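Undergrad: Got a structure for you, questions after.
Residue numbers (this note's numbering): 448 to 854.
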């Protein structure tokens with residue numbers, strides 16, 4: 448994600464309304480330059496990250512606005528894949544061996560400079576010369592360029608504008624997403640990030656309200672903001688969508704709107720398409736599903752698990768549970784793994800869960816993901832519908848609660 452220094456120069460404010468000065472190729476010069484950057488990156492496979500960054504930075508002489516290039520460079524770098532140097536996970540131990548050996552033969556005899564590297568290099572299967580050159584290849588800047596996206600200049604332009612919007616939304620206290628299609632992918636991205644949310648149905652469309660990274664009660668806004676940033680690229684794949692955000696900039700409330708994927712500047716962001724990546728879902732969900740499949744509840748007790756089957760309606764809100772658990776006798780219950788939460792958010796959610804029609808819903812909450820100033824467990828608001836856990840949800844605890852409420 449872009450830094451504030453790469454976003455703020457392009458933020459425009461008029462009254463309470465904020466917009467972004469998106470990069471547009473009105474004279475036909477921007478896209479060819481971006482394609483030049485892509486060609487440059489493709490000539491650097493296997494080079495260290497720091498070398499790739501420097502090569503892109505040297506293109507400053509071709510542009511008038513260094514802030515733009517810094518943002519574009521960061522966008523391209525984050526779009527590429529970088530891999531650790533093979534064997535780098537063993538370099539910390541190799542350094543200890545080298546330094547210990549060097550201390551034993553100090554001062555060195557001329558011509559024996561590589562002797563301290565010999566034993567450590569043999570353990571790594573490389574020559575002493577190679578180990579000497581790459582003794583610190585486990586640092587982040589030493590990661591090697593593995594792949595460059597198969598994209599053109601227009602795609603890079605669209606991605607950069609998307610990153611501008613993501614950077615601005617770090618100041619959001621509340622965000623409303625609307626989409627006429629692809630809502631399930633968007634909702635799954637929200638669930639995978641563990642964001643605090645409410646889903647509402649507006650006729651044939653859906654409205655998703657999110658707590659933003661700048662909400663006052665967040666005690667770990669950076670962690671929440673990193674996860675929040677994962678949602679916008681997924682939203683950009685929807686056929687029609689809109690973002691309405693309440694922001695706080697320099698202590699003053701303001702509004703921001705982002706719509707569609709039109710190519711141009713102003714309030715309609717040319718964000719293009721984000722390459723679709725297959726995901727099972729969050730690590731928490733993946734582990735719970737794996738543990739369930741290996742448990743006696745699945746192998747002996749007659750329970751089966753499916754993912755995200757039927758939305759549940761509750762007082763104007765919609766829940767899309769993570770799992771539906773169904774017994775062979777016909778009973779069923781839904782399970783939702785809740786991410787970040789506050790006592791107030793939890794109280795509201797539990798009230799809606801109790802009002803839900805149809806399949807009963809069980810909420811699984813991690814104590815460690817409380818983000819409010821108060822960390823009360825508020826067991827009474829959820830009654831029989833809440834299962835508390837530590838870092839991981841225990842299948843037995845969840846299934847015993849499912850047994851109680853299933854019908």
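All C-beta atoms in this analysis are idealised placements derived from N, C-alpha and C, irrespective of residue type, glycine included.
None of the values given here were measured: they were computed from a predicted structure.
1. Hey, residue 665 and residue 644: beta-carbon distance below 8 Å or not?
2. Tell me, which residues are paired with residue 833 by DSSP?
3. By the DSSP assignment, the beta strand (DSSP E) with residue 466 in it spans what residues?
4. So, does the region 457-475 touch the region 596-612, judging by three or more C-beta pairs under 8 Å?
5. For residue 693 versus residue 619, is the C-beta distance shorter than 8 Å?
6. By a C-beta neighbour count over all protein chains shown, 10 Å radius and 16 as the cutoff for buried, is residue 518 buried or exposed?
7. Using a 10 Å radius around the Cβ and a threshold of 16 neighbouring Cβ atoms, would you call residue 783 buried or exposed?
8. According to DSSP, is residue 701 part of a helix, a strand, or is it coil?
9. For the 8 Å Cβ check, are there 3 or more pairs between the region 472-482 and the region 631-641?
10. Comparing alpha-carbon positions, which option in 807, 794 and 837 lies nearest residue 814?
11. With H, G and I counted as helix, E and B as strand and the rest as coil, what does DSSP make of residue 726?
12. Compute the distance between the beta-carbons of residue 629 and residue 686, then report whether it is under 8 Å.
13. Three or more beta-carbon pairs under 8 Å between the region 522-533 and the region 544-553, yes or no?
14. Can the beta-carbon of residue 494 be found closer than 8 Å to that of residue 586?
15. What residue from 466, 537, 523 and 604 has the CA that sits closest to residue 489's CA?
16. Within the region 609-673, note down every full beta strand (DSSP E) run reaching 3 residues or more, in order along the chain.
17. At which residues does the beta strand (DSSP E) containing residue 750 begin and terminate?
18. Distance check for residue 514 and residue 551, CA to CA, integer angstroms please.
19. Using the beta-carbon count (16 or more within 10 Å), is residue 583 buried or exposed?
20. Which residue from 774, 731 and 601 puts its Cα closest to that of residue 751?
21. Cβ atoms of residue 689 and residue 625: under 8 Å apart, would you say?
22. Leaving aside the five residues before and after residue 679 along the sequence, list all residues of the same chain whose C-beta is less than 6 Å from its C-beta, in chain order.
23. Quick one: is residue 789 buried, meaning 16 or more other Cβ sit within 10 Å of its Cβ, or exposed?
24. Tell me where the beta strand (DSSP E) around residue 688 begins and ends.
25. Could you name the residues of the same chain whose beta carbon sits closer than 7 Å to that of residue 854, not counting the 5 residues immediately before and after it, in chain order?
26. Tell me which residues share the same chain as residue 627 and place their Cβ nearer than 8 Å to its Cβ, disregarding the 5 neighbours each side in the sequence.
TA: For this structure:
1. no
2. 810
3. For residue 466, the uninterrupted beta strand (DSSP E) run begins and ends at 464-467, by DSSP.
4. Yes, they touch.
5. By the CB criterion at 8 Å, residue 693 and residue 619 fall inside the cutoff.
6. buried
7. buried
8. strand
9. Contact between the region 472-482 and the region 631-641 is absent, because fewer than three Cβ pairs lie under 8 Å.
10. 837
11. Confidence in residue 726 is poor, its pLDDT being 45 and thus under 50, which makes the residue's placement unreliable; the coordinate value appears in the next sentence. Residue 726: coil per DSSP, three-state reduction.
12. yes
13. no
14. no
15. Comparing Cα positions, the closest option is 523.
16. 619-626, 644-649 and 652-658
17. 750-754
18. 50 Å
19. Exposed, because fewer than 16 other Cβ atoms sit within 10 Å of the Cβ of residue 583.
20. 774
21. yes
22. 613
23. buried
24. Residue 688: member of the beta strand (DSSP E) spanning 688-696, first to last residue.
25. 778 and 807
26. Result list for residue 627: 651, 652, 685, 686, 687 and 688, in chain order.
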